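Chemist: I'd like to ask you about the structure that follows.
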């Protein structure tokens, strides 16, 4: 709904401006010896280019921050899970191995099941949380009088708290998207910028044609870059599950 409202308001403002120009031309026509001013057109083209550069920068910052946040959450989650795996050494063998198996099962699920789903922006199933609860139950102290095991159990719960927070952040980053309003500004601004470049001076020289071609290619490259970064867990420029693979190869 926000995108439609933005497009309607933008179109309304553009039509109002066009109507104002038509009325001004009808009510106050140019004299026969008066020539239209080219500097006005050049000023408008410059302002469109500057505003579009601002929109481009805002979009790049937004998608890059989302991608960086996704990477931070993934690394923090894998690191805390690995610390939980190592803390199993403080337990007796009968309790240590279930904790290690539960941690490995959770890491495997994240890499093999959840990562492809996040790349496709699909909602994650509750199995990941169930596996995390299994790790938490395996790391409980139980009925033990050993101080070392009790301390290890407390540390396991602390590390699993970090895993929980990082997982929530990872899930939120996977569903985060660039605002439709920014996408509209990105596409409309690119079309307007190129249109003004073609309208003013394109017939003067081959150099201008080359400049327009370079600008068009650069805008297309930037838009594609933003599209790739807008998927923080995508296959091209997204965050990879290397942290989990490295710790639980």
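In this note's numbering, the protein residues as written are 47 to 295. We put the beta carbon where it would ideally sit given N, CA and C, even for glycine. Predicted model only: the values in this text are computed from it and were never measured.
(1) With residue 209 and residue 178 assumed to form a contact (beta carbons below 8 Å), what rounded beta-carbon distance in angstroms separates them?
(2) Considering only their Cβ atoms, is the gap separating residue 279 from residue 126 smaller than 8 Å?
(3) Please confirm whether residue 112 and residue 222 have their CB atoms less than 8 Å apart.
(4) Among the residues of its own chain, which have a CB less than 6 Å from the CB of residue 198, if the five just before and after it don't count?
(5) Would you kindly report the start and end of the unbroken alpha helix (DSSP H) that includes residue 194?
(6) Could you check where the alpha helix (DSSP H) with residue 168 kicks off and where it finishes?
(7) Taking 8 Å as the cut-off, does the stretch 92–111 touch the stretch 141–152 (at least 3 CB pairs, one atom from each stretch)?
(8) Rounded to whole angstroms, what is the Cα-Cα separation between residue 62 and residue 216?
(9) Measuring CB to CB, does residue 236 end up less than 8 Å from residue 272?
(10) Do the CB positions of residue 294 and residue 153 come within less than 8 Å of each other?
(11) Return yes when the Cβ of residue 274 is within less than 8 Å of the Cβ of residue 205, no when it is not.
(12) Scan the stretch 141–166 and note each continuous alpha helix (DSSP H) run of 4 residues or more that stays entirely inside, going in chain order.
(13) Report the CB separation of residue 261 from residue 243 in whole angstroms; it is logged as a contact under 8 Å.
(14) With DSSP as the reference, label residue 130 as helix, strand or coil.
(15) Taking its Cβ as the centre, do 16 or more other Cβ atoms sit within 10 Å of residue 164, making it buried, or is it exposed?
(16) Let me know if residue 47 comes out buried or exposed under the rule of 16 or more other beta-carbons within 10 Å of its beta-carbon.
(17) Look at the alpha carbon of residue 277 and the alpha carbon of residue 285, and state the distance between them as a whole number of angstroms.
(18) Identify, in the order they occur along the chain, each residue of the same chain with its Cβ nearer than 7 Å to the Cβ of residue 192, setting aside the five sequence neighbours on each side.
(19) Cutting at 7 Å between CB atoms, please list the residues of its own chain near residue 3, excluding the five before and the five after it.
(20) Buried or exposed: residue 89, going by 16 or more other Cβ atoms within 10 Å of its Cβ?
(21) Less than 8 Å between CB atoms is the rule here; does residue 239 satisfy it with respect to chain B?
(22) Let me know the secondary structure DSSP gives residue 267 once reduced to three states.
(23) In chain order, what residues of the same chain lie with their CB nearer than 6 Å to the CB of residue 142, ignoring the 5 residues before and after it?
Modeler: In brief:
(1) 7 Å
(2) no
(3) yes
(4) Closer than 6 Å at the Cβ level, and outside the excluded window around residue 198, lie 133, 136.
(5) 193–221
(6) First-last for residue 168: undefined, no H or E at that position.
(7) Touching, no.
(8) 45 Å
(9) no
(10) It is a contact, given that the beta carbons lie within the stated cut-off.
(11) no
(12) 161–165
(13) 6 Å
(14) helix
(15) When all chains shown are included, residue 164 counts as buried.
(16) Any reading at residue 47 must be qualified, since the residue scores a pLDDT of 46, below 50, and its modelled position is unreliable; no value is offered.
(17) 9 Å
(18) none
(19) Given a span of 47 to 295 for the chain in the structure shown, any question on residue 3 remains unanswerable.
(20) exposed
(21) Any reference to chain B falls outside this structure, which holds one protein chain only.
(22) helix
(23) In chain order, 134 place their CB closer than 6 Å to the CB of residue 142, counting only its own chain and leaving out the 5 sequence neighbours on each side.
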